[in-house]
Every structure is written in structure tokens, then in C-alpha cells.
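Participant: Got a structure here, written out as C-alpha cells. Questions coming.
Residue numbers (this note's numbering), protein chains in the order written: chain D, 87 to 196; chain H, 18 to 133.
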């Protein structure tokens with residue numbers, strides 16, 4: 087069983103602040119995905135990282151895959167209320183089904 | 018209509034009822050999934066179908082019975098459920114099974130199920 091631990095579980099910040107959330111495991115993954123789930127909706131894919139050390143940017147969001155492909159981080163610059171939601175990481179090894187972490191619930195207050 | 022559509026959005030049922038959840042995808046994908054999302058627990062994979070054949074059954078109780086009549090439709094038949102089965106049930110699809118980097122999951126908005 088591949089266990090993905092996300093931290094923190096909950097985060098409440100003011101608009102304009104920066105934040106980083108983490109996704110950690112003791113297993114090595116072939117790829118890792120980040121999803122965001124807004125209230126009343128299903129998760130939506132934000133990014134997929136494949137190469138160890140890879141960094142991807144999506145506007146104010148920066149995603150990094152660890153060099154050993156065991157962990158990942160998501161950094162949000164100047165958070166906005168529209169960033170509020172549940173952030174989920176998911177990973178797999180080739181041929182296996184995705185395993186999801188428990189998520190980080192982010193609230194950005196105006 | 019595009020994407021993944023789930024009906025109903027909300028369902029309240031007694032423990033002796035029989036009901037079905039429906040999922041339809043308009044993305045031309047070959048794989049479909051049922052996930053269970055409970056409070057304080059990670060998303061739990063229940064079933065995976067690839068080209069209408071079940072390829073994964075994650076030790077789900079028999080009171081949950083999936084059906085995939087074609088690659089666009091997926092059902093979850095429910096009978097004699099327990100209160101602890103109350104959760105958000107999410108359907109997803111992907112181009113191929115596994116949710117690999119070149120085949121990410123596309124989720125519906127879920128059915129919020131309450132068992133009384």
C-alpha cells in the first residue's frame with residue numbers, strides 16, 4: 087500500500103499571504119498529480135509531475151517533485167479567496183492505480 | 018454536454034432501500050471509476066472498469082454492485098446499506114485505466130449519499 091501524507095490538514099490564511107503544502111511518502115512514484123476540489127464539485131487536475139526535481143508553474147501556483155520522486159510541494163504566492171478548496175495529491179507506480187492523500191483544506195479569507 | 022455527469026446530486030435512503038447512482042462521460046474515455054469520499058479519510062477507490070470490463074474491485078462490500086453497460090455509462094447499485102456508507106460518491110473517467118501521467122482522471126461532481 088502506498089501511503090501519501092499531506093500536511094497541513096487545514097490551513098486558514100488571509101488574502102495576499104504565501105503558503106506551501108506538502109505531500110510525502112516513503113515510496114517512489116513514477117508520477118504525481120495535484121488536484122483541487124471546490125465545495126460541491128469533484129476534484130480537478132491542476133498538474134502532473136513526472137521527473138525528479140521537476141518544477142512546474144501554473145500562474146501563482148508552483149509545484150515541485152522531489153529529487154527522489156517520493157514527495158512533492160505546492161506553493162501558492164499571494165493567495166486569493168478563489169484558491170479556497172481541498173488540495174489533493176495522488177500518485178502511482180507504473181501499472182498501479184492512483185493513491186490519494188488525505189488532502190489539505192485551504193481557506194483564504196478576504 | 019461535456020465532461021462527467023453524475024445523478025442524482027443528493028440521495029437519502031433507508032437501510033432497506035434499493036437505489037442506483039448513475040454516471041455518464043462524454044469524453045470518449047475507455048476507463049471509468051467509482052470513488053468514495055468520506056470525511057477525514059483519503060479518497061477510496063472502489064471499482065475500475067476498462068473497456069467495460071471490471072479490472073479492480075477494492076474489497077468493497079457486496080451491498081455495492083457496479084455495472085458498466087458501455088464505455089460511456091457506469092452505475093452503482095445500492096442495497097441494504099449501513100449508516101457508515103454515507104459519503105460523497107465520485108465517478109471519474111480517464112483515457113486508459115490507472116490514472117497515469119498521460120491519462121489523468123476527470124471527475125464528476127459526485128452524489129452526496131445519506132443512509133438513515
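Every residue, glycine too, gets a C-beta built ideally from N, C-alpha and C.
All figures in this text were calculated on a predicted structure; none of them were measured in a lab.
Would you kindly work out how many angstroms separate the C-alpha atoms of residue 24 of chain H and residue 187 of chain D, rounded to a whole number?
Facilitator: Approximately 26 Å between the Cα atoms of the pair.
Participant: Residue 73 of chain H versus chain D: which residues are under 9 Å apart at the beta carbon?
Facilitator: Those within 9 Å of residue 73 of chain H in chain D are 183.
Participant: Is residue 35 of chain H near residue 96 of chain H, with beta carbons less than 8 Å apart?
Facilitator: In this structure, residue 96 of chain H lies closer than 8 Å to residue 35 of chain H by Cβ.
Participant: Indicate the three-state DSSP secondary structure (helix, strand or coil) for residue 153 of chain D in the structure shown.
Facilitator: Residue 153 of chain D falls in the coil class under three-state DSSP.
Participant: Are the CB atoms of residue 21 of chain H and residue 108 of chain H nearer to each other than 8 Å?
Facilitator: Closer than 8 Å, so yes.
Participant: Using a Cβ-Cβ cut-off of less than 9 Å, give me the residues of the segment 126 to 140 of chain D that come near chain H, in sequence order.
Facilitator: Result list: 126, 127, 128, 129, 130, 131, 134, 135 and 136.
Participant: Is there at least one Cβ from chain D nearer than 8 Å to residue 126 of chain H's Cβ?
Facilitator: Closer than 8 Å to some Cβ of chain D, the Cβ of residue 126 of chain H qualifies, so yes.
Participant: If you draw a straight line from the C-alpha of residue 112 of chain H to the C-alpha of residue 127 of chain D, how long is it?
Facilitator: Roughly 21 Å separates the two Cα atoms.
Participant: Please name the residue, chosen from D:97, D:92 and D:121, that lies closest to residue 109 of chain D on a Cα-to-Cα basis.
Facilitator: The option with the nearest alpha carbon to residue 109 of chain D is D:92.
Participant: By Cβ distance, which residues of its chain are closer than 6 Å to residue 98 of chain D, with the 5 residues on each side in sequence left out?
Facilitator: Taken in chain order, the residues that qualify are 193.
Participant: Assuming residue 117 of chain D contacts residue 178 of chain D under a Cβ cut-off of 8 Å, what Cβ separation, rounded to an integer in Å, is found between them?
Facilitator: Indeed, because the Cβ distance is near 7 Å, the residues count as touching under 8 Å.
Participant: Please tell me whether residue 59 of chain H has its Cβ less than 8 Å away from any Cβ of chain D.
Facilitator: Yes, its Cβ sits closer than 8 Å to a Cβ of chain D.
Participant: Comparing the CB of residue 114 of chain D with every heavy atom of the ligand MN, is any distance shorter than 7 Å?
Facilitator: Judged by which ligands are present, the structure shown has none, so any question about the ligand MN falls away.
Participant: Along chain H, which residues have their Cβ under 7 Å away from the Cβ of residue 186 of chain D?
Facilitator: Here the neighbours are 59 and 60.
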